[in-house]
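Shown next, in structure tokens, is the structure this report addresses.
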Amino acid sequence: MQVGEFAKLVNASKDTIRHYEEMKLLKPKWNKNRKDYQEKEVNDFQVIIELKEMGLSLKDIQLLFELKEKVGCGQVELFQGVYKKLIDQLDAVQKEEEILRRRKQALETQAKIIKGYL
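Residue numbers in the sequence shown follow UniProt numbering, run continuously in steps of one, and reach 118 at the last position.
Written as structure tokens, this is what we have:
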């Protein structure tokens with residue numbers, strides 16, 4: 001399928017698809033001077049979206065795709081790479097959660113103080 005049909009199928013803009021191609025996250029084959037998107041690109045796009053939803057950056061995803069290309073799907077090294085990125089993201093979320101918890105406590109304290117003046 002061509003880029004327009006692919007964009008509709010995955011619910012993305014052509015610019016997004018081209019950006020992912022520039023990052024080598026999507027690699028459609030060429031067929032008579034046109035890019036031909038197949039099931040592999042659909043699957044890769046879904047993986048990109050899932051990893052983004054987990055909080056990974058496109059740069060992290062790019063590194064994982066490069067690792068997948070080097071070692072292949074299902075290899076321990078790939079799982080280790082994905083695991084490390086997910087743990088790093090989990091650590092970052094936990095730090096953000098702690099910061100938000102402290103901010104919430106500070107706001108609650110200030111609100112109680114101000115309420116005493118009302």
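Note that beta-carbon positions come from the ideal geometry of N, C-alpha and C, so glycine has one too.
Among the options, nearest to residue i - alpha-carbon criterion
i	options	result
residue 124	78, 6 and 62	Not covered by the structure: residue 124. The range shown for the chain is 1 to 118.
residue 36	6, 53 and 77	6
residue 53	117, 109, 43 and 86	86
residue 78	60, 93 and 92	60
Rounded C-alpha distance that separates residue i from residue j
i	j	result
residue 16	residue 113	49 Å
residue 11	residue 49	11 Å
residue 65	residue 30	20 Å
residue 67	residue 81	8 Å
residue 76	residue 84	12 Å
residue 19	residue 107	41 Å
residue 39	residue 100	41 Å
residue 45	residue 28	11 Å
residue 14	residue 21	10 Å
residue 91	residue 73	26 Å
Whole-number beta carbon distance between residue j and residue i, since they are thought to touch under 8 Å
i	j	result
residue 56	residue 89	6 Å
According to DSSP, residues forming a beta bridge with residue i
i	result
residue 34	31
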